[in-house]
Ligand SMILES: Cc1ncc(COP(=O)(O)O)c(C=O)c1O
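Residue numbers (our numbering): -5 to 382.
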């Protein structure tokens, strides 16, 4: 793998990032096979590269639907015809962007809401007599087995059938909104690896995920049935890369959102349910040799978001190299240590912990097949797009 990447990129000076298209295609095929016919909606936050998103949309059998992470991003993709079915996966309070809807955007973009306050804010931003906007109701998917214990992301306040019906009714009562979808993302299953190699912890995670999936299937099913009495739902979105199997098994779900599984970043290594190949990597140059066992790389502090932990650091792909405990991945330099470290001017290949954020650090992705670069495309950053 590394040797063919080295051959493909021999002419490039690091730092640069690559996408291994053979690995990417295989990951895409695996994801589609795991979904077993249920449509996938591409989580663009885990890609952040328009050329690569278009590649996924166009590659047969195609993933035509997008889940964007900001309204400005959704409007940009809609203008560029990347997709005609774009869900903004998170609520927006971006008043200027809300004023940017034309008829095309109104038909192709769906906004996320979890409260009447969201509807009021939209009305306030664009004027209460705006033409109909498509909205999706966000249902909390966290597991709360006992009072006071919340396992999962802190997202929507809508958790029960009653709360969902109340919001669906409030939307139905307002002629300028149409409820077209429902989403509930079970981060405690999709985003928590269950096979990192610590036996007790892994067994506990599997136990939690089994019980959470059962609880959610029952609650989500009841909510969807009740909301369908009030609204003609076009889709019920659930899950993420790590939960395809349990999300698919819930008959109320009509599509699954996923992105990370295509890139194979390190946080998605430890799952029993999938084994994405590393498709995204970057090379950093050795600029110093402080001693025989240390090679210092330029830059490299591309640490993933989330709770500050070692798992958020990038990893050298060579298993005999490791970051140091004192410097980690540094702002201007990153030492790596091992028995046989590369020499000055050589390069070290790294994998990011998360799939999307690398595109905030480099302007281009070089697409590799075998030992050739077959095309090069701009990342969001390369297109001067920063969506937060
Ligand atoms: C709403 C939502 N759906 C799905 C996902 C799954 O995305 P991925 O498969 O890229 O981890 C996420 C990730 O955070 C999300 O926030």
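Each residue gets a CB set at the ideal place from its N, CA and C atoms; glycine is no exception.
Can you name, in chain order, every residue of its own chain whose Cβ lies under 7 Å from the Cβ of residue 373, other than the five neighbours on each side? For this step, residue 373 is matched to residue 379 along the chain shown. Taken in chain order, the residues that qualify are 42, 43, 353, 356, 357, 358, 359.
If we ignore side chains and look at the alpha-carbon of each, how far apart do residue 169 and residue 46 end up? Sequence index remark: in the chain shown, residue 169 carries index 175 (1-based). Sequence index remark: in the chain shown, residue 46 carries index 52 (1-based). One C-alpha to the other measures close to 38 Å.
Is it the case that the Cβ atoms of residue 275 and residue 283 are separated by a distance below 8 Å? What you label residue 275 is simply residue 281 of the chain shown in a count that begins at 1. What you label residue 283 is simply residue 289 of the chain shown in a count that begins at 1. No, the Cβ-Cβ distance between residue 275 and residue 283 is not below 8 Å.
Of the residues 147, 39, 77, 5, the one placed nearest residue 52, counting alpha carbons only: Position 58 of the chain shown, counting from 1, holds the residue named residue 52. Out of 147, 39, 77, 5, 77 has the C-alpha closest to the C-alpha of residue 52.
When you compare only the Cα positions, how much space is there between residue 191 and residue 344? Locating residue 191 in the chain shown gives position 197, counting from the first residue. Locating residue 344 in the chain shown gives position 350, counting from the first residue. Distance between the alpha carbons of residue 191 and residue 344: 22 Å.
Just to check my reading of the structure: residue 67 and residue 38 have Cβ atoms closer than 8 Å, yes? What is that Cβ distance to the nearest angstrom? For the purposes of this step, residue 67 is taken as the residue at position 73 of the chain shown. For the purposes of this step, residue 38 is taken as the residue at position 44 of the chain shown. Correct: roughly 7 Å between the Cβ atoms.
Under 5 Å from any heavy atom of ligand 1, by CB: list those residues in chain order, please. Those residues are 37, 40, 83, 179, 234, 235, 251, 252, 253, 254, given in chain order.
Delimiting residues of the alpha helix (DSSP H) encompassing residue 277: Your numbering for residue 277 matches position 283 in the chain shown. Unbroken run through residue 277 is the beta strand (DSSP E), 274 to 285; no alpha helix (DSSP H).
Going straight from the alpha carbon of residue 249 to that of residue 238, what length do you get? As a position in the chain shown, residue 249 is number 255, starting the count at 1. As a position in the chain shown, residue 238 is number 244, starting the count at 1. Going from the Cα of residue 249 to the Cα of residue 238 covers about 10 Å.
On a CA-only basis, which of 278, 120, 200 is nearest residue 189? Give me that one, please. Counting from one through the chain shown, the residue named residue 189 turns up at place 195. Residue 200 is the option with its Cα nearest to residue 189.
To the nearest angstrom, how far is it from the Cα of residue 218 to the Cα of residue 152? Looking up residue 218 in the chain shown gives position 224. Looking up residue 152 in the chain shown gives position 158. Roughly 13 Å separates the two Cα atoms.
Taking its Cβ as the centre, do 16 or more other Cβ atoms sit within 10 Å of residue 329, making it buried, or is it exposed? The residue you call residue 329 lines up with position 335 of the chain shown. Residue 329 should be labelled buried.
CA-to-CA distance, residue 242 to residue 29, given in whole angstroms: Residue 29 sits at position 35 when you count from the first residue of the chain shown. Residue 242 sits at position 248 when you count from the first residue of the chain shown. Taking the straight line joining both Cα atoms gives about 7 Å.
For residue 310, write down the residues that DSSP places opposite it in a beta bridge. Position 316 of the chain shown holds residue 310. Residue 310 pairs with 344.
Evaluate residue 278 with the Cβ neighbour count: other Cβ atoms within 10 Å of its Cβ, from every protein chain shown; 16 or more gives buried, anything less gives exposed. Translated into the one-based positions of the chain shown, residue 278 becomes position 284. Residue 278 should be labelled buried.
Since residue 36 and residue 253 should fall inside the 8 Å C-beta cutoff, what is the C-beta to C-beta distance between them, to a whole number of angstroms? What you label residue 36 is simply residue 42 of the chain shown in a count that begins at 1. What you label residue 253 is simply residue 259 of the chain shown in a count that begins at 1. Yes, residue 36 and residue 253 are in contact; Cβ-Cβ is about 6 Å, under 8 Å.
Using beta-carbon positions only, say whether residue 103 and residue 82 come within less than 8 Å of one another. Here residue 103 is taken as the residue at index 109 of the chain shown, counted from 1. Here residue 82 is taken as the residue at index 88 of the chain shown, counted from 1. Yes, they are a contact pair.
Starting from residue 178, trace the beta strand (DSSP E) in both directions and tell me its first and last residue. In the chain shown, residue 178 corresponds to position 184, counting from 1. Per DSSP, residue 178 belongs to the beta strand (DSSP E) from 171 to 178.
Since residue 100 and residue 127 are thought to touch, with beta carbons under 8 Å apart, how far apart are those beta carbons, to the nearest angstrom? Within the chain shown, residue 100 is the residue found at index 106, counting from 1. Within the chain shown, residue 127 is the residue found at index 133, counting from 1. Correct: roughly 6 Å between the Cβ atoms.
Give me the DSSP bridge partner(s) of residue 376. Numbered from its first residue, the chain shown carries residue 376 at position 382. DSSP output for residue 376 lists no bridge partner at all.
Unbroken alpha helix (DSSP H) run spanning residue 113, endpoints: As a first step, residue 113 is located in the chain shown; it is residue number 119 there, counting from the start. Element bounds for residue 113: 110 to 120.
Could you give the first and the last residue of the continuous alpha helix (DSSP H) run that contains residue 99? Reading the chain shown from its first residue, position 105 is the one you call residue 99. Looking at the DSSP string, the run of the alpha helix (DSSP H) that includes residue 99 is 97 to 102.
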